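Q:
Protein chains: 2
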Amino acid sequence: MPVTMSDVARAAGVSVMTVSNVLAGRKRVGEETRRRVLAAVDDLGYELNLTARHLRAGRTDTVALVVPRFDHPYFGELAARLARRLDRSGRHLVVEQSGASREGELEALTLARLHLYDGVLLSVVGMTPDDVARLRTTVPVVLLGEQDMPDRFDQVRMDNVEGARLATAHLLATGARRIAAVGGSTSGRGMTMVRTLGWRRAHEESGLPIDDALVVPCDVDLAGGRRAIRQLVAEGTPFDAVFAFTDTLATGVLAGLAEAGLRVPDDVQVVGFDNLDSSEFLVPGLTTVDPGHEAMADHALRLLDRLIDRAPDGDRGTAVVPEHVTGPVSLVVRGTTRPAA
Amino acid sequence: MPVTMSDVARAAGVSVMTVSNVLAGRKRVGEETRRRVLAAVDDLGYELNLTARHLRAGRTDTVALVVPRFDHPYFGELAARLARRLDRSGRHLVVEQSGASREGELEALTLARLHLYDGVLLSVVGMTPDDVARLRTTVPVVLLGEQDMPDRFDQVRMDNVEGARLATAHLLATGARRIAAVGGSTSGRGMTMVRTLGWRRAHEESGLPIDDALVVPCDVDLAGGRRAIRQLVAEGTPFDAVFAFTDTLATGVLAGLAEAGLRVPDDVQVVGFDNLDSSEFLVPGLTTVDPGHEAMADHALRLLDRLIDRAPDGDRGTAVVPEHVTGPVSLVVRGTTRPAA
DNA sequence: CTGTTAGCGCGTTCAG
DNA sequence: CTGAACGCGCTAACAG
Numbered sequence: 001m002p003v004t005m006s007d008v009a010r011a012a013g014v015s016v017m018t019v020s021n022v023l024a025g026r027k028r029v030g031e032e033t034r035r036r037v038l039a040a041v042d043d044l045g046y047e048l049n050l051t052a053r054h055l056r057a058g059r060t061d062t063v064a065l066v067v068p069r070f071d072h073p074y075f076g077e078l079a080a081r082l083a084r085r086l087d088r089s090g091r092h093l094v095v096e097q098s099g100a101s102r103e104g105e106l107e108a109l110t111l112a113r114l115h116l117y118d119g120v121l122l123s124v125v126g127m128t129p130d131d132v133a134r135l136r137t138t139v140p141v142v143l144l145g146e147q148d149m150p151d152r153f154d155q156v157r158m159d160n161v162e163g164a165r166l167a168t169a170h171l172l173a174t175g176a177r178r179i180a181a182v183g184g185s186t187s188g189r190g191m192t193m194v195r196t197l198g199w200r201r202a203h204e205e206s207g208l209p210i211d212d213a214l215v216v217p218c219d220v221d222l223a224g225g226r227r228a229i230r231q232l233v234a235e236g237t238p239f240d241a242v243f244a245f246t247d248t249l250a251t252g253v254l255a256g257l258a259e260a261g262l263r264v265p266d267d268v269q270v271v272g273f274d275n276l277d278s279s280e281f282l283v284p285g286l287t288t289v290d291p292g293h294e295a296m297a298d299h300a301l302r303l304l305d306r307l308i309d310r311a312p313d314g315d316r317g318t319a320v321v322p323e324h325v326t327g328p329v330s331l332v333v334r335g336t337t338r339p340a341a
Numbered sequence: 342m343p344v345t346m347s348d349v350a351r352a353a354g355v356s357v358m359t360v361s362n363v364l365a366g367r368k369r370v371g372e373e374t375r376r377r378v379l380a381a382v383d384d385l386g387y388e389l390n391l392t393a394r395h396l397r398a399g400r401t402d403t404v405a406l407v408v409p410r411f412d413h414p415y416f417g418e419l420a421a422r423l424a425r426r427l428d429r430s431g432r433h434l435v436v437e438q439s440g441a442s443r444e445g446e447l448e449a450l451t452l453a454r455l456h457l458y459d460g461v462l463l464s465v466v467g468m469t470p471d472d473v474a475r476l477r478t479t480v481p482v483v484l485l486g487e488q489d490m491p492d493r494f495d496q497v498r499m500d501n502v503e504g505a506r507l508a509t510a511h512l513l514a515t516g517a518r519r520i521a522a523v524g525g526s527t528s529g530r531g532m533t534m535v536r537t538l539g540w541r542r543a544h545e546e547s548g549l550p551i552d553d554a555l556v557v558p559c560d561v562d563l564a565g566g567r568r569a570i571r572q573l574v575a576e577g578t579p580f581d582a583v584f585a586f587t588d589t590l591a592t593g594v595l596a597g598l599a600e601a602g603l604r605v606p607d608d609v610q611v612v613g614f615d616n617l618d619s620s621e622f623l624v625p626g627l628t629t630v631d632p633g634h635e636a637m638a639d640h641a642l643r644l645l646d647r648l649i650d651r652a653p654d655g656d657r658g659t660a661v662v663p664e665h666v667t668g669p670v671s672l673v674v675r676g677t678t679r680p681a682a
């Protein structure tokens with residue numbers, strides 16, 4: 001039987017409300033009363049029940065970030081940035097995993113869970129635009145992800161085409177002629193498609209031919225990058241550079257190249273995408289596309305807060321027009337590419 | 342004004358309880374009634390309020406993992422492993438950050454938040470044993486962390502001394518004679534101290550002298566590892582190997598060594614600790630201590646579930662005796678060390 | 001198989 | 001500045 005507020009009130013000889021006021025630091029409470037209450041709290045080992053407070057207050061001062069996987073550094077870094085901002089406004093961030101392991105049935109459950117938070121930043125990777133369109137929720141939601149989603153929701157993403165174009169153009173400028181697109185796809189959707197598009201565009205702008213044999217689809221993880229290189233080498237497909245679609249892939253690529261006895265950047269140049277914290281520390285340092293992490297975090301929370309502020313009034317009349325924000329990208333040149341010719 | 346269960350009940354011409362039963366899939370409900378309820382739910386856009394359910398049910402089927410920082414790969418990987426297990430038993434994992442940014446005042450708030458969960462896995466890094474001893478909570482808590490904590494709580498950790506001894510002994514066996522302990526300390530507490538102890542012990546077992554100039558305290562992050570090497574080089578302290586106290590530190594160390602023109606493993610050998618997913622993919626592959634991640638996750642949840650199961654009865658009589666579990670470690674040999682002489 | 005009664009623990013009314 | 005009622009949305013019990 002847990003200790004409740006009224007237990008404390010009885011012990012301190014005051015009313016429940018007084019206890020509540022003392023604990024929430026709300027109204028002014030007499031110094032002596034206050035001490036009595038705190039003593040009783042300490043004495044009984046009373047612990048505030050946030051669930052009850054949330055039910056009553058209708059808000060939780062907590063925002064959730066839902067990511068596909070916990071063990072992906074990109075999302076860890078994102079979470080840390082968001083948490084820093086939310087802390088500043090006295091709120092909390094909790095991170096949940098949407099999983100790649102759970103089926104559609106769980107989507108419903110996930111949605112129910114969203115109600116535990118004032119707002120949700122939903123990182124969509126696996127879901128299709130159709131899945132998202134089917135989402136029915138009154139919870140403030142901002143989408144994060146590279147695939148264009150239904151415009152009923154706010155969405156923040158990076159300029160993938162431009163980033164991929166920059167990366168590829170840089171490789172072309174430093175003398176590369178056969179650039180493998182690791183993580184690419186000739187038919188897919190989402191991140192994979194838009195970055196492949198940027199890779200194509202850079203080739204077109206240079207008037208260079210495009211060889212689809214250089215597009216290597218793979219799992220977007222460390223092992224995937226390494227396997228992609230193994231495959232290229234096994235096939236005997238010639239290449240003098242790799243544009244890896246994420247820094248994680250690039251890390252796997254570097255391992256694969258080393259394994260194959262190919263030197264970076266002398267034999268093969270490499271560019272990644274994401275500018276993870278660790279990319280600077282690889283040997284050699286990874287040239288990569290920086291998606292403007294801080295700006296993205298700012299946008300995401302701005303859009304979310306817009307929705308949260310509006311929520312109490314209800315939707316009628318003042319409906320917020322959803323925005324799709326695309327952040328600018330830039331290239332960070334390090335040691336996996338050669339100086340421009 | 343959100344749609345509530347009784348709105349749905351009215352619309353469907355049934356009682357609230359029936360709606361509840363349909364939605365929770367609890368008792369059997371007539372097929373037609375069931376359809377009417379679901380139709381009303383869909384019609385009104387009803388969304389379950391989990392907060393209310395939690396308040397009423399007294400549990401949330403959710404476990405929290407509290408980590409020092411979101412952007413630390415070690416914790417991301419830990420979270421993923423825990424989530425996998427909890428999903429299997431139909432529960433959820435949420436991750437919160439304890440922050441290094443928030444002061445002691447927030448400790449209280451953190452404690453209140455713990456009540457939102459059935460149990461909490463608390464990763465302690467910054468807190469001292471005294472801080473922990475002061476924790477007053479009835480929430481099931483299992484501590485994770487390398488510093489020995491008051492035995493009022495369950496705790497899971499790795500065999501740090503043995504891991505550090507293994508790492509150092511391996512370096513000695515492969516010919517190293519001056520092994521820098523990056524992340525070490527001659528006076529600290531916690532992880533830093535126990536791993537330094539293992540480093541010492543290996544030296545003692547080999548009868549080799551210990552030079553405290555080789556103990557380099559630093560921030561436990563990527564930049565810290567690099568800075569440690571810069572410092573050693575700047576001081577002119579000779580060293581032919583590095584035992585980095587975490588793989589993240591080791592990654593920074595490798596960057597620092599490259600910067601200084603030192604080859605790995607020819608000029609300097611390196612061993613890390615943690616066996617992160619990415620460590621296998623560094624070039625060269627990082628030799629490191631594997632703390633038996635899976636076993637640790639198993640232990641942590643076993644201890645937590647023991648507490649959760651007991652909770653409903655109250656503590657009297659059946660008090661669970663807290664356990665301190667230390668998991669076995671092993672050495673993973675890769676390219677940053679030379680073959681044994 | 002469905003409805004009624006009661007209350008989870010807190011906070012927003014209003015009086016005093 | 002403090003106290004007493006009522007209700008947030010849901011579900012465990014028991015009726016019917």
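Same order as they appear, the protein sequences are chains A and B. For the first sequence, our numbering begins at 1 and goes up steadily by one. For the second sequence, our numbering begins at 342 and goes up steadily by one. Cβ coordinates follow ideal geometry from the N, Cα and C atoms, glycine included. The structure presented is a predicted model; accordingly, all values stated were derived computationally and were not measured.
1. Run down chain B in chain order and give the residues with a C-beta less than 8 Å from the C-beta of L222 of chain A.
2. How long is the line joining the alpha carbons of E546 of chain B and V473 of chain B, rounded to whole angstroms?
3. By the criterion of Cβ-Cβ separation under 9 Å, what are the contact partners of V349 of chain B in chain A?
4. Can you list, in chain order, the residues of its chain whose CB lies under 8 Å from that of V14 of chain A, leaving out five sequence neighbours each side?
5. Check the Cβ of T51 of chain A against every Cβ in chain B and list those closer than 8 Å, keeping chain order.
6. Suppose only complete runs of 3+ residues qualify. What are the beta strand (DSSP E) ranges in the stretch 506–549 of chain B, listed by chain order?
7. Could you check what DSSP says for A380 of chain A in three-state terms: helix, strand or coil?
8. E294 of chain A to P73 of chain A, Cα distance in whole Å?
9. Go ahead and pull the three-state DSSP assignment for F584 of chain B.
10. On the criterion of 16 or more Cβ atoms from any shown chain inside 10 Å, does E487 of chain B qualify as buried, or is it exposed?
11. In chain B, which residues lie less than 8 Å from E323 of chain A when you measure between Cβ atoms?
12. Starting from Q231 of chain A, follow the alpha helix (DSSP H) in both directions and report where the run begins and ends.
13. For the alpha helix (DSSP H) that E418 of chain B lies in, which residues bound it at each end?
14. Nearest to R422 of chain B by alpha carbon, out of B:V436, B:D412 and B:G613?
15. How would you call D43 of chain A, buried or exposed, if buried means at least 16 neighbouring beta carbons within 10 angstroms?
16. Suppose the cutoff is 6 Å on Cβ atoms and the five residues either side in sequence are ignored; what does the same chain contact list for V215 of chain A look like?
17. Could you check what DSSP says for G440 of chain B in three-state terms: helix, strand or coil?
18. For the 8 Å Cβ check, are there 3 or more pairs between the stretch 492–511 of chain B and the stretch 527–540 of chain B?
19. State the Cα-Cα distance for the pair M158 of chain A and D552 of chain B, rounded to the nearest angstrom.
20. Which one or two residues does DSSP pair with M158 of chain A in a beta bridge?
21. Counting only the same chain and skipping the five closest in sequence on each side, list residues whose C-beta sits under 8 Å from that of G684 of chain B.
22. So which residues on chain A does F411 of chain B lean against when the C-beta distance must stay under 7 Å?
23. Is it true that the CB of D247 of chain A sits closer than 8 Å to the CB of L286 of chain A?
24. Assuming T51 of chain A contacts L427 of chain B (C-beta within less than 8 Å), just tell me the rounded distance between them.
25. For P209 of chain A, count neighbouring Cβ atoms within 10 angstroms of its own Cβ and tell me buried if that reaches 16, exposed if not.
26. Taking the beta strand (DSSP E) that V480 of chain B falls in, what are its first and last residues?
27. Relative to the alpha-carbon of T667 of chain B, which residue among B:L645, B:G633, B:R675 and B:G676 has its alpha-carbon at the smallest distance?
28. State yes or no: is the beta carbon of G445 of chain B nearer than 8 Å to at least one beta carbon in chain A?
29. Given this structure, state the Cα-to-Cα distance separating P653 of chain B from T403 of chain B, to the nearest angstrom.
30. Please tell me whether D315 of chain A has its Cβ less than 8 Å away from any Cβ of chain B.
31. Using only the alpha-carbon positions, how far apart do F584 of chain B and A398 of chain B sit?
32. Between V609 of chain B and L617 of chain B, how many whole angstroms is the CB-CB distance? I'm expecting something under 8 Å.
33. Answer with yes or no whether the minimum CB distance from G272 of chain A to chain B is below 8 Å.
34. Taking only three categories from DSSP, how would you classify D380 of chain A?
35. List the endpoints of the continuous beta strand (DSSP E) containing D290 of chain A.
36. If the cut is a Cβ gap below 8 Å, which residues of chain B does A112 of chain A touch?
A: This is what the structure gives:
1. The count along the first sequence starts at 1 and reaches residue 222 of chain A at position 222. Those within 8 Å of L222 of chain A in chain B are D618, S619, E621 and F622.
2. Position 205 of the second sequence, counting from 1, holds the residue named residue 546 of chain B. Position 132 of the second sequence, counting from 1, holds the residue named residue 473 of chain B. Cα to Cα, the separation comes out at about 35 Å.
3. Taking the first residue of the second sequence as 1, we reach residue 349 of chain B at position 8. Ordered by position in chain A, no residue passes the 9 Å Cβ test against V349 of chain B, which lies about 14 Å from the chain.
4. Working through the first sequence from its first residue, we reach residue 14 of chain A at position 14. Closer than 8 Å at Cβ, skipping near neighbours: T33, R36 and V37.
5. Against the first sequence, residue 51 of chain A aligns to sequence position 51. Per Cβ cutoff of 8 Å: T392, H395, L396, T401, H456 and L457.
6. 520–523
7. Only positions 1 to 341 of chain A appear in the structure, and residue 380 of chain A is not among them; the question remains open.
8. As a working note, residue 294 of chain A is residue 294 in the first sequence. As a working note, residue 73 of chain A is residue 73 in the first sequence. Those two C-alpha atoms are separated by around 16 Å.
9. Locating residue 584 of chain B in the second sequence gives position 243, counting from the first residue. Strand.
10. Residue 487 of chain B sits at position 146 when you count from the first residue of the second sequence. E487 of chain B comes out buried.
11. One-based indexing of the first sequence puts residue 323 of chain A at position 323. Ordered by position in chain B, no residue passes the 8 Å Cβ test against E323 of chain A, which lies about 23 Å from the chain.
12. In the first sequence, the residue the question calls residue 231 of chain A occupies position 231. Looking at the DSSP string, the run of the alpha helix (DSSP H) that includes Q231 of chain A is L222 to E235.
13. Translated into the one-based positions of the second sequence, residue 418 of chain B becomes position 77. Unbroken alpha helix (DSSP H) run through E418 of chain B: P414 to R429.
14. Looking up residue 422 of chain B in the second sequence gives position 81. Of the listed residues, the one whose Cα sits closest to R422 of chain B is B:V436.
15. As a position in the first sequence, residue 43 of chain A is number 43, starting the count at 1. Under this definition D43 of chain A is an exposed residue.
16. The residue you call residue 215 of chain A lines up with position 215 of the first sequence. The residues are A181, G184 and T186.
17. Counting from one through the second sequence, the residue named residue 440 of chain B turns up at place 99. In this structure, G440 of chain B counts as coil in the three-state DSSP scheme.
18. yes
19. The count along the first sequence starts at 1 and reaches residue 158 of chain A at position 158. The count along the second sequence starts at 1 and reaches residue 552 of chain B at position 211. Approximately 50 Å between the Cα atoms of the pair.
20. On the first sequence, residue 158 of chain A is found 158 positions in, with the first residue counted as 1. For M158 of chain A, which the question treats as bridged, DSSP gives the partners A:G327.
21. This structure leaves residue 684 of chain B out entirely; chain B is present only between 342 and 682.
22. Walking along the second sequence from the start, residue 411 of chain B turns up at place 70. Under the 7 Å cutoff, chain A gives G76, A79, A80, A83 and V95.
23. Taking the first sequence and counting its residues from 1, one reaches residue 286 of chain A at position 286. Taking the first sequence and counting its residues from 1, one reaches residue 247 of chain A at position 247. Against a cut-off of 8 Å, the Cβ pair of D247 of chain A and L286 of chain A comes out as a contact.
24. Position 51 of the first sequence, counted from the first residue, corresponds to residue 51 of chain A. Position 86 of the second sequence, counted from the first residue, corresponds to residue 427 of chain B. Actually they do not touch by this definition, with Cβ atoms about 19 Å apart.
25. Position 209 of the first sequence, counted from the first residue, corresponds to residue 209 of chain A. When all chains shown are included, P209 of chain A counts as exposed.
26. For the purposes of this step, residue 480 of chain B is identified with residue 139 of the second sequence, where counting begins at 1. Element bounds for V480 of chain B: n/a, residue is neither H nor E.
27. Here residue 667 of chain B refers to the residue found at position 326 of the second sequence. The candidate whose alpha carbon is nearest that of T667 of chain B is B:G633.
28. Numbered from its first residue, the second sequence carries residue 445 of chain B at position 104. With a pLDDT of 44 at G445 of chain B, under the threshold of 50, the modelled position of this residue cannot be trusted, and the question is left open.
29. Walking along the second sequence from the start, residue 653 of chain B turns up at place 312. Walking along the second sequence from the start, residue 403 of chain B turns up at place 62. At P653 of chain B, the pLDDT of 47 sits below 50, so the modelled position is not reliable and the matter cannot be decided from this model.
30. Your numbering for residue 315 of chain A matches position 315 in the first sequence. Below a pLDDT of 50, predicted positions are generally treated as unreliable, and D315 of chain A, at 45, falls in that range; the measurement from the model is reported next regardless. No, no contact with chain B.
31. Numbered from its first residue, the second sequence carries residue 584 of chain B at position 243. Numbered from its first residue, the second sequence carries residue 398 of chain B at position 57. One C-alpha to the other measures close to 50 Å.
32. Start at 1 with the first residue of the second sequence, and residue 609 of chain B comes out as number 268. Start at 1 with the first residue of the second sequence, and residue 617 of chain B comes out as number 276. Not quite, the Cβ-Cβ distance comes to about 20 Å (not below 8 Å), so this is no contact.
33. Along the first sequence, read from residue 1 onward, the residue named residue 272 of chain A stands at position 272. No, because no Cβ of chain B sits closer than 8 Å to the Cβ of G272 of chain A.
34. Only positions 1 to 341 of chain A appear in this structure, which leaves residue 380 of chain A out of reach.
35. The residue given as residue 290 of chain A occupies position 290 in the first sequence. Note, D290 of chain A: beta strand (DSSP E), T287 to D290.
36. Residue mapping note: residue 112 of chain A aligns to position 112 of the first sequence, counting from 1. Under the 8 Å cutoff, chain B gives E388, L389 and L391.
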